[in-house]
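Asks: In the order they appear, the protein sequences are chains H and P. With the numbering used here applied, the first sequence covers 875 to 1075. With the numbering used here applied, the second sequence covers 875 to 1075.
Number of protein chains: 2
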Amino acid sequence: MVSRRAEFAAAAVRVIARNGLHAATVRAVAAEAGWSPGALQKSFTSMDELIRAAIELIIEQAGSRMAIAASTGTLTGDIQAMIEQTLPLDSQRRDESKVWASLTIRAVDVPWIAHLLIEQDRQVIDALAGLLRAAQGTGEITADSEPVALAGALVALADGLAVRLLYDPSARPAVLAALAVGTEHLLPKGPASPGGRSKPR
Amino acid sequence: MVSRRAEFAAAAVRVIARNGLHAATVRAVAAEAGWSPGALQKSFTSMDELIRAAIELIIEQAGSRMAIAASTGTLTGDIQAMIEQTLPLDSQRRDESKVWASLTIRAVDVPWIAHLLIEQDRQVIDALAGLLRAAQGTGEITADSEPVALAGALVALADGLAVRLLYDPSARPAVLAALAVGTEHLLPKGPASPGGRSKPR
């Protein structure tokens, strides 16, 4: 049952990425998954529930990739690698980014979608602020800024770069350069950084 | 003629902000402007042309507000004030942000909209990079990073914060804190900064 639900959630992500949120009908998503509309309706009692599952699938997929990517040995390297996992740099991430961008627009007028995104922002920013606070404590980065505000800036940087890359794939080198410079500046090396530098490059 | 066109462009912004890009029909925009559909069609030969005018109006309005806001006496203060003019912090800026966010999504599948946004990104990033290069030259900010990449990071920060504030108006204090911390980090004070500090706060 769980796996049937996951199949439908993945099909919903593909349909939304291809044709937009309004295209995610029972018929279209069932067809994309290779099942009947009735089968979909046995797994999900409403389209809201299906979209919720699609959101959870994207978060889960990005989270798994981030956990693997975050092994560079430095906080700045890890955060840069994690943000790269949220940028539309290949077809799967492009699908995820398109769905996410569509959801942010719909969220402006649909409270339950806004609620999900706000909750997700809160979790991401809290987790990131925890990492930053720890790195400030050990001196890997300077302790001059409030971790939650810094985490909010990192998330906004990532979101802004993702959207630009969605409508301008040719900006890939510029986006990666902005990401590198942005993370280096937002995370200035502290007195006990692995490289031993006390000022940003 | 120019002023009639401007009236229709402003009406298009309001209609798109309220009901989305698909709602910007000849009938709806004409009604919003208080004119007949025929009058609109005399001013604009296509909806594409009208949407182009709406985009230009938003750029012009934001640009005028930025020119007034950028008088804080420091580069960091000016850039922060300019970015605030692009955030949905009042009803007009909220309308502009909603239209802009709707356009970025449509741009993924509509080449002429993508082309307009890419051109706008190029102009904004070039202008900002020019300011940063000059400030690096005088020593107001450190000269450690490539100005175009730094400008790209600032624009992405602004875009990401705008979208978050659109679906989460309650995040206003968090967004303003992230903006302040983000601009301070991205523009670390150089040896000849007005405050005379050589390290970021």
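Built from N, CA and C at the ideal position, the CB exists for glycine as well.
Taking C-alpha atoms, which residue in H:Thr-919, H:Leu-961, H:Ile-933 lies nearest to Asp-1042 of chain H?
Replies: H:Leu-961
Asks: Would Ala-1025 of chain H pass as a contact of Leu-1002 of chain H if the rule is Cβ separation under 7 Å?
Replies: The beta carbons of Ala-1025 of chain H and Leu-1002 of chain H sit closer together than 7 Å.
Asks: Touching or not, the stretch 911-924 of chain H and the stretch 938-955 of chain H, by the rule of three or more beta carbon pairs under 8 Å?
Replies: no
Asks: Could you name the residues that DSSP lists as bridge partners for Lys-1063 of chain P?
Replies: P:Ile-1015
Asks: Looking at the unbroken alpha helix (DSSP H) that takes in Leu-1024 of chain H, where does it start and where does it end?
Replies: 1021-1041
Asks: Taking only runs that begin and end inside the stretch 908-946 of chain H, name each unbroken beta strand (DSSP E) of 3 or more residues, in chain order.
Replies: Runs of the beta strand (DSSP E) lying entirely within the stretch 908-946 of chain H and spanning at least 3 residues: none are present.
Asks: Against chain H, does Ala-1030 of chain P count as a neighbour if the rule is that its beta carbon must be under 7 Å from one of theirs?
Replies: yes
Asks: When the cut-off is 7 Å and only beta carbons count, does Gly-1064 of chain P lie next to chain H?
Replies: no
Asks: In whole angstroms, what separates the C-alpha of Arg-980 of chain H from that of Lys-1063 of chain P?
Replies: Rounded to the nearest angstrom, the gap between the Cα atoms of Arg-980 of chain H and Lys-1063 of chain P is 40 Å.
Asks: Please return the same chain residues whose Cβ sits closer than 8 Å to the Cβ of Val-903 of chain P, not counting the five positions on each side in sequence.
Replies: Excluding residues within five positions, the ones whose Cβ falls inside 8 Å are Phe-882, Ala-885, Ala-886, Val-889, Leu-914, Leu-924.
Asks: Taking 7 Å as the CB-CB limit, is Ala-886 of chain H close to chain P?
Replies: no
Asks: Since I believe Gln-966 of chain H is in contact with Leu-1053 of chain H (beta carbons under 8 Å), could you give me their beta-carbon distance rounded to a whole number of angstroms?
Replies: Incorrect: roughly 19 Å between the Cβ atoms, too far for contact.
Asks: For chain P, is any of its Cβ atoms less than 7 Å away from the one on Asp-1042 of chain H?
Replies: yes
Asks: Count the other CB atoms, across all protein chains shown, that sit within 10 Å of the CB of Trp-986 of chain H; report buried if there are 16 or more and exposed otherwise.
Replies: exposed
Asks: Cβ of Thr-960 of chain H less than 7 Å from any chain P Cβ?
Replies: no
Asks: Helix, strand or coil for Gln-959 of chain P per DSSP?
Replies: coil
Asks: Measure the beta-carbon distance from Ile-1015 of chain H to Ala-1009 of chain H and round it to whole angstroms, keeping in mind my assumption that it falls under 8 Å.
Replies: Contact check for Ile-1015 of chain H and Ala-1009 of chain H: beta-carbon distance about 5 Å, within the 8 Å limit, so the pair qualifies.
Asks: Compute the distance between the beta-carbons of Leu-1035 of chain P and Ala-1030 of chain H, then report whether it is under 7 Å.
Replies: yes
Asks: Counting only the same chain and skipping the five closest in sequence on each side, list residues whose C-beta sits under 6 Å from that of Arg-928 of chain H.
Replies: Note that residue 928 of chain H corresponds to Ala in the displayed sequence, not to Arg. Ala-883, Ala-886, Val-887.
Asks: Please state whether the Cβ-Cβ distance between Ser-976 of chain P and Leu-895 of chain P is less than 7 Å.
Replies: yes
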